[in-house]
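Written below as C-alpha cells is the structure these notes are about.
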Amino acid sequence: MVDSSVSLKKILVPTDGLVHSVKACQYAIGLAKITGAEIIGVHVLPNQVSRIFEERRHLGEISHDYAGQYRKEGEEYLRQIERLCSRERVRSRTFLVEGYPPEEILKVAKKENVDLIVLGVRRRSSFERHFGIRTSDKIILNADCPVTVINTPW
C-alpha cells in the first residue's frame, strides 16, 4: 500500500557523467514531472585527486592542470543535468563539491533536506562483488531518506 501523504519536493541525483548517471537523472525527472519536485544535481571532485595533481604541478612534475580539467568536467556533468531538466521544464539546482564522494553526497542531501536520492549504478564486476564497497553502497546504508537505485548492465 502506498502512503498518499508522502510527497517529493526535492530529489537528489549524484552524477559522474556516465550513462548510469544519465539514466538516473532521466528517472528522477520523470518523478519530478509527476510530483512537481525539484532536481538537485551533485558532482563530487575527490579531494585526494585534486590535492595530488596540485602538489605535482606546484613541484613542476606535471605541467597540465589536471585538477582544473576535473573541475571543468564536473561542471559539464552538472550542465548536462540542467539541460535535461530544462528540456522537460523541471526545476533544478546543482552543486559541485570537493571531498570524499559518499560523505559529500550525503552532506548535500542533508543540507538540502531532500526527500529522495536517485542513484545510477552499473552492475558489479566479480572483483567488486568480492573486494569492495562502492560509493552507492555507502549512500544506501547511510542516507536519511529513501534511495532509489537505477541499475544499468554496463
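Per our numbering, the very first residue in the sequence shown carries number 2; after that it's consecutive.
Yeah, the Cβ is synthetic: ideal placement off N, Cα and C, and Gly gets one too.
Rounded to whole angstroms, the separation of the alpha carbons of THR16 and GLU105 is 12 Å.
Within the model, the alpha-carbon separation for VAL109 versus ARG92 is close to 17 Å. For the pair CYS26 and ILE118, the CB atoms are not nearer than the 7 Å cut-off. Assignment of beta-bridge partners to PRO47 by DSSP yields GLY100. Boundaries for LYS139: no beta strand (DSSP E) harbours it, while the alpha helix (DSSP H) harbouring it runs 136–143, taken from the DSSP string. Rounded to whole angstroms, ILE40 and THR149 show a C-alpha spacing of 14 Å. Setting aside the 5 residues that flank it on each side, ILE12 is surrounded in the same chain by ALA29, LEU32, ALA33, ALA38, GLU39, ILE40, ILE41, VAL115, ASP116, LEU117, ILE118 and VAL119, each with a C-beta closer than 8 Å to its C-beta; the list follows chain order. Scanning VAL7, LEU46, SER22 and LEU9 for the CA closest to the CA of ARG124 turns up SER22. Beyond the five residues adjoining it in sequence on each side, ILE140 comes within less than 7 Å, by CB distance, of PRO103, ILE106, LEU107, ILE118, LEU120 and VAL148 in the same chain, given in chain order.
The residue among ARG84, PRO47 and ALA144 with its C-alpha nearest the C-alpha of LYS112 is ALA144. Per DSSP, LYS11 is one residue of the beta strand (DSSP E) stretching across 11–15.
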